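**Q**
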Amino acid sequence: MKRFWDEGRLDRKWVDLYCNGKWQKCKRLKMQLKGIPHPDNMLPNGKIDERLLE
0 MKRFWDEGRL
10 DRKWVDLYCN
20 GKWQKCKRLK
30 MQLKGIPHPD
40 NMLPNGKIDE
50 RLLE
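For the sequence shown, numbering that gives the first Met the number 0 gives the first residue as 0, with consecutive numbering after it.
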């Protein structure tokens, strides 16, 4: 997600909501803590955003 943010391709709402807010609800984080791989373009809410890989 940081790469997409640095490239200007990620909406600020994701940073505000999950990084600075309800990070405990982040599905990416939950998967990472369990050692479950997830796609780079998976948003914190678990949805896949194909536009990030374009």
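Positions of the beta carbon are idealized from the N, C-alpha and C atoms, including for glycine. This structure is a prediction, so every number in the text was calculated from the model and none was measured.
Compute the Euclidean distance between the alpha carbons of residue 10 and residue 4, then round it to the nearest angstrom.
**A** As a first step, residue 10 is located in the sequence shown; it is residue number 11 there, counting from the start. As a first step, residue 4 is located in the sequence shown; it is residue number 5 there, counting from the start. Going by the C-alpha atoms only, they are around 8 Å apart.
**Q** Within a Cβ cutoff of 6 Å, which residues of the same chain sit near residue 23, ignoring the five residues on either side of it in sequence?
**A** Position 24 of the sequence shown holds residue 23. The answer is none, since no qualifying residue turns up.
**Q** Would you mind working out which of 40, 16, 31, 14 sits nearest residue 53, comparing C-alpha positions?
**A** Counted from its first residue, the sequence shown places residue 53 at position 54. Residue 40 is the option with its Cα nearest to residue 53.
**Q** What are the residues that DSSP puts in a beta bridge with residue 47?
**A** Taking the first residue of the sequence shown as position 1, residue 47 is located at position 48. Paired residue(s): 41.
**Q** Using a 10 Å radius around the Cβ and a threshold of 16 neighbouring Cβ atoms, would you call residue 27 buried or exposed?
**A** As a working mapping, residue 27 is identified with position 28 in the sequence shown. Classification for residue 27: buried.
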